[in-house]
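Asks:
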Amino acid sequence: MGMARRALYLMVERLQEQEQDAARDMAEAQQQLSEFEAQLAHLEDYRRSYLEQALAKGVDGFYADSFHQYQLFIQKLEQASVQQGKSIEQVKKNVLLKRKQWLDVQAKRKAMELLIDKQVKQKQHKQAREEQKLLDEYALYAHLRGQAS
263 MGMARRALYL MVERLQEQEQ DAARDMAEAQ QQLSEFEAQL AHLEDYRRSY LEQALAKGVD
323 GFYADSFHQY QLFIQKLEQA SVQQGKSIEQ VKKNVLLKRK QWLDVQAKRK AMELLIDKQV
383 KQKQHKQARE EQKLLDEYAL YAHLRGQAS
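Numbered according to this note's numbering, the sequence shown spans residues 263 to 411.
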């Protein structure tokens, strides 16, 4: 194997490692997205439950101070939900970026593999032509020897 081809194989190996790293990074980003979405769902469930409790107590009647405390807490939960939604958008962008990086490295690796395959096929074709040439020369030599005898 020539040095150039060996260098290509080493490059493909390096690209395979980079592709695996990029795939792992993408999976981690997707996992983070799932966790953030679960946290948002939990926040929204908690806010809904807390609001239902406030409404139930409101039917029985409660003091203005208690109502104000419920209102403030519900606002804080809503703010937390909004912030979590913004965080989710950032993580989604990160997932898309990691996916693009993975696809880019994958495309480079595939291109290098195609280049290697093309070189291997060219070498095989050249060897086949050389073998055919030798066989033709041998057949001609054998034919000429047969005529000379």
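For each residue, glycine too, the CB sits at the ideal point set by N, CA and C.
With a cut-off of 8 Å on the beta carbons, I'd call Arg371 and Val274 a contact; round off their distance for me.
Replies: Numbered from 1 along the sequence shown, position 109 holds the residue referred to as residue 371. Numbered from 1 along the sequence shown, position 12 holds the residue referred to as residue 274. Confirmed, about 6 Å.
Asks: If you pair each beta-carbon of the segment 346-354 with each one of the segment 297-304, do three or more pairs fall below 8 Å?
Replies: yes
Asks: Just to confirm, are Gln368 and Glu281 a CB contact at a threshold of 8 Å?
Replies: Counting from one through the sequence shown, the residue named residue 368 turns up at place 106. Counting from one through the sequence shown, the residue named residue 281 turns up at place 19. Yes, the pair counts as a contact, with Cβ atoms nearer than the cut-off.
Asks: Quick one: what does DSSP say Gly264 is sitting in, helix, strand or coil?
Replies: Position 2 of the sequence shown, counted from the start, is the residue given in the question as residue 264. Correct three-state label for Gly264: coil.
Asks: Give the single residue among Tyr271, Met265, Gly264 whose Cα lies nearest to the Cα of Ala373.
Replies: Here the question's residue 373 lines up with position 111 in the sequence shown. Taking only the C-alpha atoms, the option nearest Ala373 is Tyr271.
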